[in-house]
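First comes the structure, then the notes that go with it.
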Amino acid sequence: MIGIEAQVQTVLLWIALLKLLQISLYPSLRQALGDLAYPLSYPLSLLFFSLISWYLGYFHLPVAIAAVLFVLVCALMIIRREYRWSDLKPRLIWDAAFLGGFLYLLEIRLFNPAISFAEKFMDHAFLASVMRIPVAPPLDPWFAGGDLSIYYYLGHWFSGVLGIIVGGESSVVFNLMLPTIAGMAVVSAVACGYLLLTRYRWLPAIILLFPNPAFIWHMIAGMPLASIPWESTRVIAGTINEYPIFSFFWGDPHAHILGIFNQILFVTLCLVMYLRYGDLDMKSRLILAGLLALSLGTMPGLNSWDVLLYAPLYCGIALLTGIRYAKQDRRSWLPLLLVPPLSILAYAPLLLSIEGSGILGIGIVPEGSSITSFLLVHGFFIAVFLLYGWRVLCRYPWLLAIPLVGWYAGYGAAGIAILAVLLIALRREWRGEEILAIAGLLVITFCELIYLKDGMGADYFRMNTVFKFYMGAWVMMGLAAAVITGRWLSSIQLPRAIPSSLKWVCISGVVICLILIPAFTPLTYGYGSGTLDGAAWLADRHPGDAAAIRYLGSLEGDLRIVEAIGEDYTYASRISSFTGIPTILGWPGHEIVWRSDDGWYSRRIADTRAIYEHPEKSPVLLKEYEITHLVVGAFEEELYRVSLPVDGLILIFDEGGTAVYQVV
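Right, here's the structure in full:
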């Protein structure tokens, strides 16, 4: 287990590095973003860091140069006297917002740190691969000879590079990924609130904390507490409908949640463009266009599904913005038109390298979700939007026919969403929150009618479409509903008799409850807690494997291993997952979804078995796959009748029932 001192040191250096990135970029954004430059420089600096370090990895240069560049920029800003205490002091509240999100998720990870179940093996394998050999695209730890151009890995990339710079171990860095995303998401959401609200500006951040209606319903129904989180994300048949706080507690630093901070950032930048474009000079408009392009251009590598939602959103808001200001200055269109091509150029080599099987086509959903399940997922937002459009409904009561027609046609849920869209659109005010609400409602309507085909099979044909698009819909509708609620609260005249001390007692009570919740949430599933070392549990349950992982992790160079091939979501591929060293084949179900099978699937499974069971074939196969080390532990003994060749292998490690042989 990694010592507590080393863990604390990694956390402190990690926070210091993120602060260095943020403060280095802040002065350059003041002209374009004004009062939002300080908070938005947190997520934007991380995106710039990702871009710079990725190109360093792409050209096989030391990725630590990225941090050096930010240090030099910071030094330049100091020389130019860009930092003044009178300017920075009132902005410390933004640092508190970032740290609040970061530290809360750090607490959650402390109570649920284990790299154990769900997708955690995969996510750590990607992270460990980056930290071991930081080249772009990173090596695929589950497919020897391949790389991760078949998947979106940028979240693991910048996390791994940050980990390299601070000198942390991958099993600790793993548990800093989600806290970083949470901190960036909180500061971006509150910035959105500052843009749209005059009071209750923190409300948009609440979308990261509250559950969906299904969670509340299961609690009322008396479902066992341990089952509620999972069941609340499996409401619509054959799909996954995660929401942020579940994903944060569940603990998989997977692409769908790693991209949420960039989604909120992009929405906020779009609204800055929509609301403040006329107040900016041409230089500031060009800077804003560059920031939008960076955010949009990062999406394909961070979570490719996001760009399918936010590229159309940008086009819609840019069109409204251009129309609004075209009469004042025809040149106003230029920065708006630059965003799409610049976003493509930002990561052009990455886009050109993508080789995954991707989307195989478009299908029509044969039957929509049940209205009950639909409302158990989106009911909070739908209720806010229907109340918001109540006066429109009173003027046009015939609009109620839309959900009735939808129900009759088998798409009642879509009918409800379309009704909400029309109620908001017919207000004809086109506020920022209204645009977001309409966009989010159109996303969930799309998911009710259309799905994107992939390799998930007949029973789960909608799963990826709903899983990936619903997080974006949650962001859009959540921000919109929070802003609408904030406007309602601002219009209410609360009794002045309420003492401020009572308000602080209520706030303190909420904060204390939030702090205590992770300690009583049963999501460790027996893997232990109280550490940020996600691999600590291995020493107790699989001491031999833990020792072998430490040994192999200490070796340098371009290594490849062979280990037993087992089923997905099991203990299989444990060596490659914890070291990042490529194996012949990791979780096969994942690889078959990512890659088109040209015969490698059955061949690699058969070859791995032959290496362990047929000593006459083993040397040739080891050479063919360029294997440097072979692992034999309890897992291999269970799956294979191990019979190794006498020559060509040297036993270099043997502890706790796990042996490692070097191929010579």
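Add 11 to a position in the sequence shown, counting from 1, and you land on the number used in the working numbering.
For every residue, glycine included, the Cβ atom is placed at its ideal position computed from N, Cα and C.
- For K131, the enclosing alpha helix (DSSP H) starts and ends at 131-143.
- Minimum Cα-Cα distance from R439 among the listed residues V403, E567, L415, L291 corresponds to V403.
- Rounded to whole angstroms, V631 and G555 show a C-alpha spacing of 28 angstroms.
- Under the three-state reduction of DSSP output, H553 falls in the coil class, being neither helix nor strand.
- Listed as beta-bridge partners of G374 by DSSP are Y462.
- Judged by DSSP secondary structure, V643 falls within the beta strand (DSSP E) whose first and last residues are 640-643.
- Look at the beta carbons and you see the region 216-236 not touching the region 304-315: under three pairs across the two are nearer than 8 angstroms.
- DSSP assignment within the region 406-473 yields the following whole alpha helix (DSSP H) runs of 4 residues or more, N-terminal first: 412-420, 423-436, 443-460.
- Judged by DSSP in its simplified three-state form, Y672 adopts strand.
- In this chain, D317 is not harboured by any beta strand (DSSP E); it is covered by the alpha helix (DSSP H) spanning 293-336.
- Taking a cut-off of 8 angstroms on C-beta distances, the region 534-552 does not touch the region 639-659, as fewer than three cross pairs fall below it.
- Within the DSSP bridge table, the entry for D158 names L150 as partners.
- Taking 4 residues as the shortest admissible run, the region 150-219 contains the following complete alpha helix (DSSP H) segments, listed from N- to C-terminal end: 165-177, 181-207.
- The shortest CA-to-CA distance from V197 to any of P240, T279, A420 is the one to T279.
- Beta-bridge pairing by DSSP links I247 to no other residue.
- Apart from the 5 residues on each side of it in sequence, L291 sits with its Cβ closer than 8 angstroms to the Cβ of A43, L299 in its chain, given in chain order.
- Ranked by Cα distance from E637, the options G564, I592, P599, E627 are led by I592.
- At least 9 angstroms separates the beta-carbon of Y538 from that of A575.
- Proximity to S64 across S502, V141, A136 peaks at V141, based on C-alpha coordinates.
- I449 and S315 have their C-alpha atoms roughly 22 angstroms apart.
- The C-beta distance from F472 to Y462 rounds to 6 angstroms, short enough to fall under 8 angstroms.
- Exposed is the label assigned to S238, since fewer than 16 other Cβ atoms lie within 10 Å of its Cβ.
- With contact defined as three or more Cβ pairs closer than 8 angstroms, the region 142-154 and the region 588-605 are in contact.
- Scanning its chain for C-beta atoms nearer than 6 angstroms, with the 5 sequence neighbours on each side dropped, one finds around F277 the residues S306, Y321, in chain order.
- Residue burial is scored here from C-beta neighbours: Y94 has fewer than 16 other C-beta atoms within 10 angstroms and is therefore classed as exposed.
- The C-beta distance from L80 to L313 rounds to 21 angstroms, too long to fall under 8 angstroms, and the pair is not in contact.
- Ranking F385, S182, I161, L87 by CA distance to the CA of S170 puts S182 first.
- Beta bridge pairing from DSSP links L662 with Y672.
- For T594, no alpha helix (DSSP H) run applies, since DSSP gives it neither H nor E.
- CA-to-CA, the gap between V74 and H167 works out to about 14 angstroms.
- By the 16-neighbour rule on beta-carbons within 10 angstroms, T21 is buried.
- With respect to the 9 angstroms criterion, A484 and V521 are not classified as neighbours on the basis of their beta carbons.
- In the three-state DSSP reduction, I572 falls in the strand class (E or B).
- Comparing alpha-carbon positions, the option among A394, Y53, F128 lying closest to A107 turns out to be Y53.
- For S380, no alpha helix (DSSP H) segment is defined, and its DSSP state is neither H nor E.
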